[in-house]
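Data first, discussion second: the structure below is written as structure tokens.
Protein chains: 4
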Amino acid sequence: MGNTFGHLFRITTFGESHGGGVGVVIDGCPPRLEISAEEIQVELDRRRPGQSKITTPRKEADTCEIISGVFEGKTLGTPIAIMVRNKDTRSQDYDEMQQTYRPSHADATYDAKYGIRNWQGGGRSSARETIGRVAAGAIAKKILKLVADVEIIGYVKRIQDLEGVVDPNTVTLEQVESNIARCPDAECAERMVERIEQIGRSGDSLGGVVECVARNMPKGLGEPVFDKLEADLAKGVMSLPASKGFEIGSGFAGTLLTGSEHNDEFYLDETGAVRTVTNRSGGIQGGISNGEAIVLRVAFKPTATIRKEQRTVTSAGSETILAAKGRHDPCVLPRAVPMVEAMVALVLCDHLLRHQGQCRTLMP
Amino acid sequence: MGNTFGHLFRITTFGESHGGGVGVVIDGCPPRLEISAEEIQVELDRRRPGQSKITTPRKEADTCEIISGVFEGKTLGTPIAIMVRNKDTRSQDYDEMQQTYRPSHADATYDAKYGIRNWQGGGRSSARETIGRVAAGAIAKKILKLVADVEIIGYVKRIQDLEGVVDPNTVTLEQVESNIARCPDAECAERMVERIEQIGRSGDSLGGVVECVARNMPKGLGEPVFDKLEADLAKGVMSLPASKGFEIGSGFAGTLLTGSEHNDEFYLDETGAVRTVTNRSGGIQGGISNGEAIVLRVAFKPTATIRKEQRTVTSAGSETILAAKGRHDPCVLPRAVPMVEAMVALVLCDHLLRHQGQCRTLMP
Amino acid sequence: MGNTFGHLFRITTFGESHGGGVGVVIDGCPPRLEISAEEIQVELDRRRPGQSKITTPRKEADTCEIISGVFEGKTLGTPIAIMVRNKDTRSQDYDEMQQTYRPSHADATYDAKYGIRNWQGGGRSSARETIGRVAAGAIAKKILKLVADVEIIGYVKRIQDLEGVVDPNTVTLEQVESNIARCPDAECAERMVERIEQIGRSGDSLGGVVECVARNMPKGLGEPVFDKLEADLAKGVMSLPASKGFEIGSGFAGTLLTGSEHNDEFYLDETGAVRTVTNRSGGIQGGISNGEAIVLRVAFKPTATIRKEQRTVTSAGSETILAAKGRHDPCVLPRAVPMVEAMVALVLCDHLLRHQGQCRTLMP
Amino acid sequence: MGNTFGHLFRITTFGESHGGGVGVVIDGCPPRLEISAEEIQVELDRRRPGQSKITTPRKEADTCEIISGVFEGKTLGTPIAIMVRNKDTRSQDYDEMQQTYRPSHADATYDAKYGIRNWQGGGRSSARETIGRVAAGAIAKKILKLVADVEIIGYVKRIQDLEGVVDPNTVTLEQVESNIARCPDAECAERMVERIEQIGRSGDSLGGVVECVARNMPKGLGEPVFDKLEADLAKGVMSLPASKGFEIGSGFAGTLLTGSEHNDEFYLDETGAVRTVTNRSGGIQGGISNGEAIVLRVAFKPTATIRKEQRTVTSAGSETILAAKGRHDPCVLPRAVPMVEAMVALVLCDHLLRHQGQCRTLMP
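Residue numbers (my numbering), protein chains in the order written: chain W, 1 to 364; chain G, 365 to 728; chain A, 729 to 1092; chain F, 1093 to 1456.
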């Protein structure tokens, strides 16, 4: 249970890292939307391994197939199933994992919960599962752009203590994609790449923070009191592998301010629209979008797979030492950017549909 | 929409700050649990206004009534409805609010979304709505304690920059309740109280961080991939009024470490159980509880209601100046503690039921 | 669990026949709808006991109170809680029920499931629970009428073998309410009343069939493949106490026809709209409304409570004889009419919102 | 929306009759269950076309592939995706359907709802969609058998006016599968086959009634008040293509009896268990299983596709005459049997998990 996300734009992902494949079923996509496998592939390529020298050298094409829900290039309003086959080249690298729990991985908890585990890689807990999310996110992004001109841009804000200077109101996709660190601060990006290469060579790993902005937001999205927009965004990104924290707007730093310093004063812009002078609320007040840019941050821990020796235990109940073999991302942050964007897009698209259904159109 | 939370232990809250009352319907509470209005009242008293000199001086008894679902002191397995009547003393303090949007409140967004708003106080966005959550949380806590001996303790970790030193593994409810700041570090608590009183006199407000721990956790709770335990916890607490950030385990600070510093190595304890040496994972790996203490933190912004003058606009579309009148909490943190505990309890209780249903009991 | 119904217009009912009261929380009602307790009371009065000589002589006012979600006569878009207090006059009539299972009642199954039961009357399985449904249905009806001019009319089609002749396309509420049998065929209604009075005097009971029509239906409601309109209607009415069967359109009788006799041929009406010559589909094709009148029938078994002696057993595990005391409906059909209408209205209103959200408004 | 069914054992189906394929994702299947594609194929073969002279002569292998959720022959507790590729041989037979609405099919309503339609066959409304349901039902059946020894047997009870004599308490799968009509009354089955062949030759079609029994039922399944067992069963089978009616136990015929004739008296069997003398309740009282056999019936209309000429209209808005070409089932009943069994199994399995989760295991 727990493999479905969303209320009206609802996705169900499936698949383990090894076995037949991974994918997603999208239920609730509006009909008559033009969509192609090629468009989806663009986003999948941003998350796939082997895309640069700072990601795992493992090469996988991750080519997607649309199984259903699209006819003559347009969505039917029926479930869209998208699948990516696994290459399924079972590596000897994983043999040790059959018995040995990797520290800070999900091996031990999956065994504790299910009493069984696909030990050929991460199984269901592998980041490979996010392929389905990113594919669905590509469609959600397109709907948001078409219907409401909403623009979602994620980027690496910080790697360890290297923090980029980025203005969420003006950052562009081109800036993000201009370097392999996916940090729009080009100078900082260079240092990030160096730091990641260095840690990779040492067999260790790094974490950091992804920031994501949604601009041109319509007002009114979010369903208090439990499905507040920030609550659903938090759930969405905290369901990504390796995430450890979430902030909206001023976040934890905002707790250092007083109310008079923190409050977003209102003004009327030239069109008479209600706007806020500052945006410490991060585009959401009382769980509902206020039209300002939504700005959020997600903390990702350093990759758990490292080549250094670590104390661990086996499923048979003895203590041992493990040093991971094979090829791994020394830092997931650059590849996490499209994942965060996807989750943000999925939440916003779902809330766009929910708001449509309930409020805007019915009563005069 | 969005007023229901949980999958098997499911609550629906209702009510505005003014009008007939506020309350909750709990669906899915196991039958034959002994429960009384008095037990629930204990938790409600921890969140009610007027309980100390650093909360709003407004006095409200917030006496709860169990309407249904309990018979001869025991739950029936049917929906438990609990209600607290509003005193409904409409104050002149709120008259200005009919037209004027309070900065960083939900007045403007509710108007944008619904085209109507109960302007007599916060309406549905009032923290008064959390009465239903805290009442339901009291029952969830009791189930967790009875069935699995789980203990949930929240406390104020930080007010502005005043941070208490607290060990989540040993902190007790008595320590938390020993002072009105609800910070178990007694010395720090004193400084917190001073700081809050001072800011209150100045008409301004403060924010901070609540930390919450769940101890004696059973292994196996959490439903990957979307209903991971940390994802549902994040959603739960981020749906509380004024929350701006969420962390599990090492959180944002963990991103400064390398993988070898961050990973939680495994060992076997004297009973042969798999344990971790450190707990940077915060008790959850791969979205599933690993038996270590769950430790999370929630950032609460400074109270939006302040007596200082602020720039704002009216619903009629003109700019104006607002200074709140009346009595308000200069800092919500002490009263937020039972709210955070309630949300944590609700999530854990729901996942306890979900895990029971699917895994443990069925297959041999 | 299982006390919530609907996806976007979602109700949660609570309450047992004895105890504090019964009620409903409606989540997802569009904002700015004018609604009053008086309007809701009109529908409640149609279902309450004691309304005529053929219903139970028990008198209960069933006066409803709107607790939340309505402000200055209009809905806020927040949860609407409606409550009816129980008179809670515990009758000696029920003492025997503490031990003795009433045949074809839910006493034994509630004990088997929950291990506890409110034996003071039907508890949660009492038809009193439908008060919440009828109250919510009154609001759903109003929305359907306002937004889409949909008209829902239920009536008693048959009592035992007495079947009225009624044209679903022209029947009016006035005709239904013109007699206490709620059968628009006045002559048949007279015989029904006689039959019910007679069976009541003999201590026995009767069942029958309620038919319900929804006219002026918009096209396009229904969400294949599981939430087809007829599937949700079936679930809605089959969740009513005492219901044993459901038919849409031609129903079971339609299985006696050949395809060429059964198919609804299409034609274009004077406005160019696609219509069907016949309506054996009952207004739904492929799970989606086609604009013709929705016509459905619900079978209600004879009232289980009878004054005749019956073999039964006690919860302590011995066999015994039971003859119900007190006052009961010899036939629930007339009072079931507003219940069926309510469930139909709730389903249609939910699907109206779902269709709005997804299809009509988004894509050009 | 609406392509997901179930709460804890939850399936999502996808796919149109033409395009990449059809399938299902099962979320919530307990881990460590042995399952193979071959076992699932057995059920799929019972529903596939071309299996006998009274089904459509179209031959399709409908070979299923398990994509995920199973490892070394056992379920992982993760989503099980099962897919059947479409042969996708687009037939000229369907060209006319691009413009012309087939009477009593879903062509017109899909166009009305979605503004687009896969006109190459039935698209999403094709009975081909039920492949996913039957595949998931095979797993649900196995769980029910293993965990609770529940046995589900469906059969053709009636074709037009030819009604078999079948005892639901003793009927066996072998009897059902002993003839191509799937009617365990062998003599009646012969006449059914003749009647179907005859109507097929004439270009017309027939409907009828499928009866289904679940034996060895555990007590306590069902979640009042909305998710009563009969309500979810009704929804499940009424979501099948061509279904027009549902009955549980005595059904519509029961309305002709008086209460004293209809009530199921209780007795204690030799083991001291509470049983009912008769079973007019159909194994469910108050929405909860009572341990007696669940007996239900589903009405299926005559196949809408016939070779006789019918009046209809085109999507372009003109009236025309249509006579279906190609090969069709003159009567869907024999192939509907595994579909009904699948839906019954899915509902019971879901409720088994729900009941486990909440009641039996938690409180002492």
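Positions of the beta carbon are idealized from the N, C-alpha and C atoms, including for glycine.
- Within the stretch 1152–1176 of chain F, contact with chain W at the beta-carbon level (separation under 9 Å) is assigned to Glu-1157, Ile-1158, Ile-1159, Ser-1160, Gly-1161, Val-1162, Phe-1163, Glu-1164, Lys-1166, Thr-1167, Leu-1168, Gly-1169, Thr-1170, Pro-1171, Ile-1172, Ala-1173, Met-1175.
- For Asp-1119(F), the enclosing beta strand (DSSP E) stretches over residues 1113–1119.
- Shown here, Ala-1306(F) sits in a strand according to DSSP, grouped into three states.
- Secondary structure in the stretch 163–242 of chain W: the beta strand (DSSP E) runs of 3 residues or longer, each lying completely within the stretch, are 208–215 in chain order.
- In its own chain, leaving out the 5 sequence neighbours on each side, no residue places its CB closer than 6 Å to the CB of Ala-425(G).
- One Cα belongs to Glu-1266(F), the other to Ile-1386(F), and the distance between them is close to 20 Å.
- At the C-beta level, Met-339(W) and Val-134(W) come within 8 Å of one another.
- Scanning the stretch 1326–1394 of chain F for uninterrupted alpha helix (DSSP H) segments of 4 residues or longer gives 1351–1354, listed from N- to C-terminal end.
- Only those residues of the stretch 839–866 of chain A whose C-beta falls short of 8 Å from the nearest C-beta of chain F are listed: Ala-840, Lys-841, Tyr-842, Gly-843, Arg-852, Ser-853, Glu-857.
- A direct Cα-Cα distance of roughly 13 Å separates Cys-393(G) from Lys-841(A).
- Per the coordinates, the alpha-carbon of Val-750(A) lies some 47 Å from the alpha-carbon of Glu-261(W).
- Pairing Glu-380(G) with Thr-806(A) gives a Cβ-Cβ distance under 8 Å.
- At a cut-off of 8 Å, the C-beta of Gln-356(W) has a neighbouring C-beta in chain A.
- Counted as a single uninterrupted DSSP element, the alpha helix (DSSP H) harbouring Glu-43(W) occupies residues 37–47.
- Straight across, the Cα-Cα distance linking Lys-592(G) with Ile-1245(F) is about 38 Å.
- Ser-614(G) is not a Cβ neighbour of Arg-579(G), given a cutoff of 8 Å.
- Thr-669(G) carries a coil assignment under DSSP once its states are collapsed to helix, strand and coil.
- DSSP assignment within the stretch 477–532 of chain G yields the following whole beta strand (DSSP E) runs of 3 residues or more, N-terminal first: 515–523.
- By the beta-carbon neighbour count (other beta carbons within 10 angstroms, threshold 16), Ala-553(G) is buried.
- With a threshold of 8 Å between beta carbons, His-990(A) makes contact with chain F.
- With fewer than three CB-CB distances shorter than 8 Å, the stretch 593–613 of chain G does not count as touching the stretch 268–276 of chain W.
- Our two residues, Gly-655(G) and Arg-124(W), have alpha carbons roughly 21 Å apart in a direct line.
- Assignment of beta-bridge partners to Lys-74(W) by DSSP yields Glu-34(W), Phe-71(W).
- Under the Cβ criterion of 8 Å, Asp-1253(F) is counted among the residues facing chain A.
- Beta-bridge pairing by DSSP links Cys-713(G) to no other residue.
- Selection Gln-1084(A), His-746(A), Cys-792(A) evaluated against Lys-947(A) yields Gln-1084(A) as nearest (Cα-Cα).
- Sequence-distant Cβ neighbours of Ala-445(G) in its own chain, meaning closer than 7 Å and more than five residues away, are Gly-387, Val-389, Ile-431, Ser-432, Gly-433.
- Residue pairing from DSSP places Ile-11(W) in a beta bridge opposite Phe-5(W), Ile-26(W).
- Within a 10 Å sphere around the beta-carbon of Arg-565(G) sit fewer than 16 other beta-carbons, which makes this residue exposed.
- Less than 8 Å separates the beta-carbon of Lys-244(W) from that of Lys-301(W).
- Looking from the CA of Arg-1140(F), the closest CA among Ser-1218(F), Arg-1209(F), Pro-1123(F) belongs to Ser-1218(F).
- Take Ile-199(W), set aside five residues on each side of it, and the residues of its chain with a beta-carbon closer than 8 Å to its own are Ser-205, Leu-206, Pro-330, Cys-331, in chain order.
- Val-1429(F) has no beta-bridge partner at all, per DSSP.
- Our two residues, Arg-774(A) and Thr-1395(F), have alpha carbons roughly 41 Å apart in a direct line.
- Secondary structure at Gln-51(W): coil, using DSSP grouped into helix, strand and coil.
- Note: Glu-683(G) is bridge-paired with Val-677(G) in the DSSP secondary-structure output.
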